[in-house]
Each structure stands twice: as structure tokens, then as C-alpha cells.
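Chemist: Note that my numbering has the sequence shown beginning at 7, numbered continuously upward.
The beta-carbon is built from N, C-alpha and C at its ideal position, and this holds for glycine as well.
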Amino acid sequence: MERIEKFVKSTLSITPDIYSPKNLKYLFSYPDPIGVFADFVSNYINSNIHTEECSPIFTRCEVEMVETLLPLVGYPEGDGIFYPGGTLSNLASVFLAVQRAKVNLGQSVILISDHSHYSVEKAAIICGIKNIIKVKTTTKGVVDIEHLRELVSKIKADNLNLIYFCCVMGSTTLGTFDPVEKILEIFQEFAIKPWIHFDAAWGGGVYFSEDAGFYRKLSSLSDSIVLDFHKFLSAPLLCSVLLVKDKSGGAT
7 MERIEKFVKS TLSITPDIYS PKNLKYLFSY PDPIGVFADF VSNYINSNIH TEECSPIFTR
67 CEVEMVETLL PLVGYPEGDG IFYPGGTLSN LASVFLAVQR AKVNLGQSVI LISDHSHYSV
127 EKAAIICGIK NIIKVKTTTK GVVDIEHLRE LVSKIKADNL NLIYFCCVMG STTLGTFDPV
187 EKILEIFQEF AIKPWIHFDA AWGGGVYFSE DAGFYRKLSS LSDSIVLDFH KFLSAPLLCS
247 VLLVKDKSGG AT
């Protein structure tokens, strides 16, 4: 027991204190005590939730959590699944876009902001998409609408398939939110319907704020959204969810 205590103290002494008010570097918050206890229970049970027989309680918990979250983001008829981190949630969103498009990947394009999280570009590479085009951002860190229009016009002229666009809803660099309505107007202008993904891994806290109605209206225009609860709701690492508006999208 003494050796265990010594190990714990030694580990804590050289680990950054996430409970300190000076801990401002990383994009996650200190865990709520209830979350820590729940995490302990989950690890103690150590069951996989791939079938209800293995984990009847946690399987039901996931279903109920998804059903609770869907109306908050404007997806009353949607579906979702929890992933260990926003990287996997973003990967799943790109995969769903590829599955829906059903086109030659060599002729497929995805557009992302140059402030998009690196996981989105990585997801595209994993899914076999080589044409990854970055949209410039303004000095305020949001998508440059005129540059987006130029890119979409060229994609259309080159007979390529724009299958995915990622709207940054709280960038990891400046915390900015892309102008969703203006972005969608451009796609309507060129009669293009890519999969619209909201990366709200960092900015998803707005759905629990007094401005929730405004953002719910925006996300109702998208196809999928990712929320990271370890970033803005004090859940222990890692706790991410991918929600899709259309159940046939295949998130689960």
C-alpha cells in the first residue's frame, strides 16, 4: 500500500494541476466530481456496450442521452453515437458523407476552413479523399465568403463533386463561429448540396446557453454535429458525441 501511495504522490507531483485556476492552456475543463465517480463505476464494471446483453444499463444510457441531445441541436428525428473524442466523431462524419455521396472519390472534394481542426483533414485522408481544399479565413478567423464563392465556382466548372463542408463552431485557435447562413447561400447559388458538418466540439456550450435557440436554428440546417463534453461540460476525458439529422445517415 505504501508503494502505491508513493507512486500516486510522485505521479501527481509532476503532472499539471487541472484544478488550478492557472490551468488555461488546454481545451478541456476539470472533471465534475459526479463524472469522476461515474467514470470509476464504468471502469469497475468494465463492460463493452456493443450489445445490450453485455451492458444493459450503459446501452440504455447512451440511447437516452442521444434522445435528450437531439432536440437541443434541432434534430428531432435524428440519431447519434458517443465516441472517445472529437477526432473519431469528425472521422465518422466524413465517412457518412462519403457513403451518402456514392461517387468516385477521385472526383470528390471536401472544403474546410484553414481554422478547421486537423482531425477533419486527417479524416478525409483516411476515407480516401485526396482533394482537400482549405478556405481562407478573415482577420476575425471566420470563413472568407468571397474566397469560398471562388472555390465553389471552380469546383463546379471542373465537374468535381463537393461532398462535404465543415462549419467551425468554435475554433480551437480563436473560438470563432463560421457564418453558416452565408455559407449555405453560396451552395444554394451553385445548386450544390454537400454534407454540412458542424464541428462544435469546442463551441457546443452555446446549446446550453441563453442563445441556444439561435444556434439550434443554425444546426437544424446541417447534417451532423459533434459535441465534446470534456471541453465545456466538465465530463472526464474523453466524451464526444456525433449527432446526425437523418436516422438513415447511419451514425450508429
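1) With distance defined between alpha-carbon atoms, name the residue in 232, 197, 19, 218 nearest to residue 207.
2) Go through its chain and collect everything with a Cβ distance to residue 250's Cβ below 6 Å, but skip five positions before and after it.
3) Would you call residue 37 buried or exposed, if buried means 16 or more other Cβ atoms sit within 10 Å of its Cβ?
4) From which residue to which residue does the alpha helix (DSSP H) around residue 111 run?
5) Considering only residues of the stretch 117 to 171, which uninterrupted beta strand (DSSP E) runs meet the minimum length of 3 residues and lie entirely inside it, listed in chain order?
6) Does the beta-carbon of residue 126 have 16 or more other beta-carbons within 10 angstroms, so that it is buried, or is it exposed?
7) In terms of DSSP beta bridges, what is residue 87 paired with?
8) I need the boundaries of the alpha helix (DSSP H) containing residue 18, first residue and last residue.
9) Would you kindly report the start and end of the unbroken beta strand (DSSP E) that includes residue 204?
10) State the start and end residues of the unbroken alpha helix (DSSP H) segment that holds residue 45.
11) So for residue 258, helix, strand or coil by DSSP?
12) Identify the continuous beta strand (DSSP E) that holds residue 230 and give its terminal residues.
13) Smallest Cα separation from residue 178: which of 238, 18, 117?
14) Assuming residue 91 and residue 246 are in contact, meaning their beta carbons sit under 8 Å apart, how far apart are those beta carbons, in whole angstroms?
15) Starting from the C-beta of residue 170, find all residues in its chain whose C-beta is less than 7 Å away, skip the five residues before and the five after it, and write them out in chain order.
16) Per the DSSP calculation, residue 196 is bridged to which residue(s)?
17) Compare the C-alpha of residue 191 against each of 224, 111, 34, 98 and name the closest.
18) So, using beta-carbon positions, are residue 189 and residue 161 closer together than 9 Å?
19) Using three-state DSSP, classify residue 60 as helix, strand or coil.
20) Using DSSP with H/G/I as helix, E/B as strand and the rest coil, what is residue 101?
21) CB of residue 11 to nearest heavy atom of the ligand NAP: below 8 Å?
22) From the DSSP secondary-structure annotation, give me the bridge partner or partners of residue 175.
23) Pick from 173, 252, 135, 141: whose alpha carbon is nearest that of residue 156?
24) Can you have a look at residue 114 and say buried or exposed, based on whether 16 or more other CB atoms are within 10 angstroms of its CB?
25) Restricting to Cα atoms, I'd like to know which of 181, 213, 227 is closest to residue 194.
Modeler: So, from the data block:
1) Locating residue 207 in the sequence shown gives position 201, counting from the first residue. Per the Cα distances, 232.
2) Locating residue 250 in the sequence shown gives position 244, counting from the first residue. The answer, listed in chain order, is 84, 85, 230, 257.
3) One-based indexing of the sequence shown puts residue 37 at position 31. Buried, by the Cβ-count rule.
4) The residue labelled residue 111 in the question sits at position 105 within the sequence shown. No alpha helix (DSSP H) contains residue 111, which DSSP labels as neither H nor E.
5) 137 to 141
6) As a working mapping, residue 126 is identified with position 120 in the sequence shown. Per the 10 Å Cβ criterion, buried.
7) As a position in the sequence shown, residue 87 is number 81, starting the count at 1. Answer is 248, bridged to residue 87.
8) The sequence position of residue 18 within the sequence shown is 12, counting from 1. Counting along the chain, the alpha helix (DSSP H) containing residue 18 begins and ends at 8 to 19.
9) Taking the sequence shown and counting its residues from 1, the one referred to as residue 204 is at position 198. 201 to 206 is the span of the beta strand (DSSP E), which, as asked, contains residue 204.
10) Residue 45 sits at position 39 when you count from the first residue of the sequence shown. Note, residue 45: alpha helix (DSSP H), 39 to 51.
11) Mapped onto the sequence shown, residue 258 falls at position 252. Model confidence at residue 258 stands at a pLDDT of 49, short of 50, so the residue's coordinates are unreliable; what they give is reported in the following sentence. Residue 258 falls in the coil class under three-state DSSP.
12) Here the question's residue 230 lines up with position 224 in the sequence shown. Note, residue 230: beta strand (DSSP E), 230 to 234.
13) By one-based count along the sequence shown, residue 178 stands at place 172. Residue 238 is the option with its Cα nearest to residue 178.
14) In the sequence shown, the residue the question calls residue 91 occupies position 85. In the sequence shown, the residue the question calls residue 246 occupies position 240. The pair is a contact, with the Cβ atoms about 5 Å apart (cut-off 8 Å).
15) Within the sequence shown, numbered from 1, the residue matching residue 170 stands at position 164. Closer than 7 Å at Cβ, skipping near neighbours: 100, 103, 116, 200, 201, 203.
16) Translated into the one-based positions of the sequence shown, residue 196 becomes position 190. In DSSP, residue 196 forms no bridge with anything.
17) Walking along the sequence shown from the start, residue 191 turns up at place 185. The shortest Cα separation from residue 191 among 224, 111, 34, 98 belongs to 224.
18) The sequence position of residue 189 within the sequence shown is 183, counting from 1. The sequence position of residue 161 within the sequence shown is 155, counting from 1. It is not a contact, given that the beta carbons lie outside the stated cut-off.
19) Locating residue 60 in the sequence shown gives position 54, counting from the first residue. Residue 60 falls in the coil class under three-state DSSP.
20) Numbered from 1 along the sequence shown, position 95 holds the residue referred to as residue 101. Here residue 101 sits in helix by DSSP.
21) Looking for the ligand NAP in the displayed structure turns up nothing, as the structure carries no ligands at all.
22) Here residue 175 refers to the residue found at position 169 of the sequence shown. In the DSSP output, where bridge partners are listed per residue, residue 175 has 183.
23) Reading the sequence shown from its first residue, position 150 is the one you call residue 156. Out of 173, 252, 135, 141, 141 has the C-alpha closest to the C-alpha of residue 156.
24) Within the sequence shown, numbered from 1, the residue matching residue 114 stands at position 108. Burial call: buried.
25) One-based indexing of the sequence shown puts residue 194 at position 188. Checking every option, the nearest Cα to that of residue 194 belongs to 227.
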